[in-house]
Structures are given as structure tokens and as C-alpha cells.
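Residue numbers (this note's numbering): 16 to 206.
First the structure, in the form of C-alpha cells, and then the observations on it.
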Amino acid sequence: MATRELWLDEGVVVLTDEGPAGVRIDRLAARLGLTKGSFHHHFAGVADYRTALLGHIERQQVDRLDTIAAEVAEVDPRDALRALPARLDELSDADLDRALRAWAIADDGARAVVERVDGARLAFLETLWSRAVPDPARARVAALLPHLLLVGANATRPPLDAASRQAVFDLLPDLIPHVRVTMPAADPTTT
16 MATRELWLDE GVVVLTDEGP AGVRIDRLAA RLGLTKGSFH HHFAGVADYR TALLGHIERQ
76 QVDRLDTIAA EVAEVDPRDA LRALPARLDE LSDADLDRAL RAWAIADDGA RAVVERVDGA
136 RLAFLETLWS RAVPDPARAR VAALLPHLLL VGANATRPPL DAASRQAVFD LLPDLIPHVR
196 VTMPAADPTT T
């Protein structure tokens, strides 16, 4: 593995374990047994590293979604939806998601990555649901439910145990087809 990748992979580990405040060059160098000179060989500074780290995280997340999407593309949509809860850990690392969202509160770059990853995850779920639910508005609502549930489950403190989390997500294939979309009534003052 190239040294640049080591720096980035270790940054993901530290961000996940310690949050954004833990992503410090001296700490990363000590953990990797590398010098700050090695860091500066690969990155122009802390800002460049953080930008690269965010890009690295985004690529990992989107690549996972693309892999899952390719695997379920030819599967019956209801079977794919029923199998989805077993793939939760592939869809989102709860600790990393929580740390990235914390970073996004104060950092525009992290916020943009969260928005793009959320958008990619929601698009994946919408595509999956649109194969089982012909109404696009209903498919969107059906996709929002597992997405929002995943974000909420990741943020819950204390965290849900794996069995409870799985049990909640196992309910979704049975619940979501019953979601009804009600469009708001037109405002007569605007027509």
C-alpha cells in the first residue's frame, strides 16, 4: 500500500475512533511510525490532508454503494429489499458516520461530503424502491424511511446493539410498501 494511502486510511481510523479533533498530523505520524516529512511529501499541509481525507471517505462510501447496487441490479426488487438489512454495515459505518456528521457541523468540506454521500445513499435506495413501487413519489418516501432510520440509528446514544438494530431494519420491507404519499392541497391564493 502506498504511503499516501496509509496516511488516509489511518485518518479514517482516527476520525472514527476520536472524532475530528483527533485528526492531527503528529498523532497520525506517531501511530504510523512515520515522520512529519513523510506527511509533507504527500500533502501540502493540514488543509490539503483534510481535503484528501474527506475525498477518500467519500470514495469509499460511494464505491460501497456502487458495489451493492451492481449486486442487486438483477435481483428481484422485493428480495433485494429483504436482503438489505443484512448489509447495513456495508451501507454505513455507524461510528464513522457519527464522526463525519460531527465534523460537518463546523466544516464546510465535511458538510459537502455528508450531503453527497447522503445523496448517493438516498439515490441508491430510491432506485431500489422504484423497482418495487411504481409511483416515483411513493418510491422516494419509501427510500427516505430506511435512510433516515439509518442516520438516526447511527446517531443514537447509547448505540443500539446489533440485534436490535437488525430487528428494526428487518421490519422495513414489510412496512414501507404501505407508505402512502399525500400531496399537499394546492394553495388557492397562489393559483
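Yeah, the Cβ is synthetic: ideal placement off N, Cα and C, and Gly gets one too.
Computed from a prediction, not measured in an experiment: that's the story for all the values here.
Could you pull the start and end residues of the alpha helix (DSSP H) that residue i belongs to?
i: E73; result: V61 to V87
i: T31; result: T18 to E33
i: D94; result: P92 to A98
i: A117; result: A109 to A121
i: D150; result: Element bounds for D150: n/a, residue is neither H nor E.
i: L47; result: I40 to L47
i: F54; result: K51 to H57
i: D189; result: A177 to L190
Do you know whose CA, among the options, lies nearest residue i's CA?
i: T18; options: L49, A59, P35 and L187; result: L49
i: A157; options: L190, G34, E130 and A67; result: L190
i: A168; options: L43, T66, R97 and D104; result: D104
i: D122; options: P174, L69 and L159; result: L69
i: D110; options: D24, E33, E25 and L23; result: E33
i: E25; options: G60, G52, R65 and H56; result: R65
i: F184; options: A138, A62 and L99; result: L99
i: A138; options: F54, L159 and A101; result: L159
i: A178; options: A101, F54 and K51; result: A101
i: V132; options: D108, A85, G52 and R172; result: D108
i: L124; options: A62, P149 and K51; result: With the sequence shown as reference, residue 124 is identified as Gly, and Leu is not the correct amino acid for it. Closest by alpha carbon: A62.
Compare the beta carbon distance of residue i and residue j with 8 Å and say whether it is the shorter of the two.
i: L21; j: L47; result: yes
i: L187; j: P151; result: no
i: F58; j: A45; result: no
i: I83; j: L115; result: no
i: W118; j: P174; result: no
i: A170; j: R113; result: yes
i: V87; j: A135; result: no
i: L143; j: L96; result: yes
i: R126; j: E141; result: no
i: L163; j: L106; result: no
Quick check: does the Cβ of residue i come within less than 7 Å of any heavy atom belonging to the ligand GTP?
i: R79; result: Within the structure as shown, the ligand GTP is missing, as the structure has no ligands at all.
Next on the checklist: Whether or not the region 78-96 and the region 26-41 are in contact is what I'm after, with contact meaning three or more pairs of Cβ atoms, one per stretch, closer than 8 Å; do they touch?
Outcome noted: no
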